[in-house]
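Residues are numbered in the working numbering as their position in the sequence shown, beginning at 1, plus a constant of 21.
Every residue gets a Cβ at the ideal spot worked out from N, C-alpha and C, and that includes glycine.
As the structure is a computational prediction, the values presented were derived from the model and not from experiment.
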Amino acid sequence: MIVLGIDPGLQVCGYAVVKADGSDCRLLEAGVIRTDRRLSLPKRLAQIAEDLGDLLKSARPAVVAVEELYSHYAHPRTAVLMGHARGVILLQAVQSGAELQSFSATRIKKSLTGNGRASKLQMQRTIQSVLGLPKMPEPPDVADAVAAAMCCVRVMATASLQ
């Protein structure tokens with residue numbers, strides 16, 4: 022089964038394609054979708070939609086795992102902008118025919134490290150170790166996307182055992 026993990030972002034959106042075999046994962050591809058902050062919001066959202074659409078066509082995931090948004094109450098504008106990007110991502114995922122799964126950052130971190138408050142560096146090192154990667158996934162947006170995909174695989178494997 023192919024799972025696409027996504028760490029939503031308006032400027033940098035991390036993605037990771039993993040192949041799942043039970044609860045085991047193998048990283049097939051990972052990277053970022055970047056938008057030009059000088060462009061208008063609609064053009065940036067269109068770029069995310071186009072790039073993600075291409076990725077969904079090439080990877081053909083059965084499941085798309087998307088990290089839920091978290092925003093500090095002091096930055097409501099950021100939450101609204103991120104919500105736009107996440108909305109485009111969810112729409113593209115559903116239109117691709119993939120199953121959609123959504124996980125909080127705390128749940129993702131806890132599933133990989135046992136600590137729902139793990140640092141970005143701890144997450145990167147855990148992913149590197151678990152997947153046997155020669156170097157840590159960079160930037161952190163990529164690591165977050167890999168973690169979302171791995172969390173989804175683990176949750177689905179546990180559910181199938183019950």
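With a cutoff of 8 Å on beta-carbon distance, VAL163 and VAL53 are scored as near each other.
Rounded to the nearest whole angstrom, the C-alpha separation of LEU102 and LEU31 is 7 Å.
ALA37 is bridged by DSSP to GLY26 and ALA51. Between LEU25 and PRO63, the C-beta gap is not smaller than 8 Å, which leaves the two residues out of contact. Of the residues ARG107, ASP75 and VAL39, the one whose Cα lies closest to the Cα of SER117 is ASP75. The alpha-carbon separation between ARG58 and GLU71 amounts to approximately 16 Å. Classified as exposed, ALA180 has fewer than 16 neighbouring CB atoms from the shown chains inside 10 Å of its CB.
In this structure, LEU111 lies away from CYS172, with their beta-carbon atoms at least 8 Å apart. Pairing ALA114 with VAL87 gives a Cβ-Cβ distance under 8 Å.
LYS130 is classed as buried because its beta carbon has at least 16 other beta carbons within 10 Å across all chains shown. In terms of Cα proximity to SER123, the closest of SER61, MET177 and ASP42 is MET177. Between VAL109 and the set ALA67, LYS78 and SER44, the nearest pair of CA atoms involves ALA67. Per DSSP, reduced to three states, the secondary structure at LEU154 is coil, with no helix or strand assignment.
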